[in-house]
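Reviewing the structure listed below.
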Amino acid sequence: MIALVCFCFTGIFAAGYDFNKLSSLAKLRYGDEAHLNILELQQLISQLKTVPEVEKLKKINDFFNQKINYAEDIDLWSQSDYWATPLEAIGREAGDCEDYSIAKYVFLKTLNVPNDKLRLTYVRAEINFDGIRTVRAHMVLSYYPSPQSEPMVLDSLVPEILPASSRKDLTPIFSFNDKGLWIGSSSKPKADAGTHLSKWRDVLTRMQADGIE
1245 MIALVCFCFT GIFAAGYDFN KLSSLAKLRY GDEAHLNILE LQQLISQLKT
1295 VPEVEKLKKI NDFFNQKINY AEDIDLWSQS DYWATPLEAI GREAGDCEDY
1345 SIAKYVFLKT LNVPNDKLRL TYVRAEINFD GIRTVRAHMV LSYYPSPQSE
1395 PMVLDSLVPE ILPASSRKDL TPIFSFNDKG LWIGSSSKPK ADAGTHLSKW
1445 RDVLTRMQAD GIE
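For the sequence shown, this note's numbering begins at 1245 and goes up steadily by one.
Printed below as a string of structure tokens:
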């Protein structure tokens, strides 16, 4: 579940990382499997440093879609709306839509994909559950090859990275990164980063404690 709460935040998230700290914390908090998953991620990041952006997108999207199993916050964290750090999501091997999106955003930034190409995007999604069509809040990661281009959508529901025009099931509401917030499909930011998202500020703070800055 995704909630909006007003909170002023003006810091910039640089997406540096300390894999030694991440792997140590993974083993301490979650055990050997989590430790191995962090080491696998570290190896993947190393392999992807010099490949084209489109390959970075595919590999990072695939990694987190495969490593994180969908789970509701109330079942996983005993909270109605909890935004997990990448370490928490990898450690539990579970999360919901924003956890996938945040992890992909963070590690694409570590691969030097420019921040202005990436936005965490809150959408209304039409989802088919057992033949019943429902509409629910959802989050995806949008990638803009150029400032005015159509975004590509990295999603936990659909494994392929598709242009937004091919995702008729998604209606964008707003998007954000650490520099701004955009309403709908606008190309111009409406507010500073985190102005309307206290949970975004909170997860950034917890990521720093995990070794991601």
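Don't be surprised by glycine CBs; every beta carbon is placed ideally from N, CA and C.
Check	Outcome
For GLU1370, the nearest candidate out of ARG1363, LEU1364 and ARG1380 (CA to CA)	ARG1380
Test item: CB-CB of LEU1320 and PHE1307 under 8 angstroms	no
SER1468 (DSSP reduced to helix, strand or coil)	What is shown of the chain runs 1245 to 1457, which leaves residue 1468 out entirely.
Residue burial classification, ILE1456 (beta-carbon count within 10 angstroms, cutoff 16)	buried
Closest residue to GLU1394 among GLU1297, SER1409, ASP1343 and VAL1384 (Cα-Cα distance)	SER1409
Nonlocal neighbours in the same chain, by C-beta distance under 8 angstroms from LYS1238, ignoring five residues either side	This structure gives no information on residue 1238, because the portion of the chain shown stretches from 1245 to 1457.
Proximity of THR1378 and PRO1416 at Cβ, strictly below 8 angstroms	no
Cβ contact check for the region 1313 to 1327 and the region 1292 to 1305: 3 or more pairs under 8 angstroms	no
Distance between ASP1276 and LEU1362 (C-alpha atoms, nearest Å)	32 angstroms
Own chain, CB closer than 8 angstroms to SER1267, minus 5 neighbours either side, in chain order	HIS1279, ILE1282, LEU1283 and GLN1286
GLU1228: first and last residue of the uninterrupted beta strand (DSSP E) it sits in	Nothing can be reported for residue 1228: it is not among the residues displayed for the chain, which extend from 1245 to 1457.
TYR1274, DSSP secondary structure in three states	helix
Cβ-based neighbour list, SER1345, same chain, cut-off 7 angstroms, excluding 5 preceding and 5 following	LEU1364, MET1383, VAL1384 and LEU1385
LYS1311 versus ILE1427: straight-line alpha-carbon distance, rounded	31 angstroms
Pick from ASN1359, SER1400, THR1449 and TYR1261 that is closest to TYR1314, judged by C-alpha positions	SER1400
Bridge-paired residues (DSSP) for ASN1313	ALA1338
Burial state of ASN1469, where buried means 16 or more other Cβ atoms lie within 10 Å	The structure shown has nothing for residue 1469, since the chain only spans 1245 to 1457.
Rounded straight-line distance, which links the Cα of ALA1347 to that of TYR1217	The structure shown does not extend to residue 1217, since the chain is modelled only from 1245 through 1457, so no value can be given for it.
Per-residue DSSP class, three states only, for LEU1292	helix
Whole-number beta carbon distance between ASP1374 and ASP1340, since they are thought to touch under 8 angstroms	That belief does not hold up - the Cβ atoms of ASP1340 and ASP1374 are roughly 19 angstroms apart, past 8 angstroms.
Inter-residue spacing [alpha-carbon to alpha-carbon] between ASP1436 and TRP1327	A caution first: ASP1436 carries a pLDDT of 47, below 50, which makes its placement in the model unreliable, though a value can still be read off. Near 20 angstroms, if we compare the C-alpha coordinates of TRP1327 and ASP1436.
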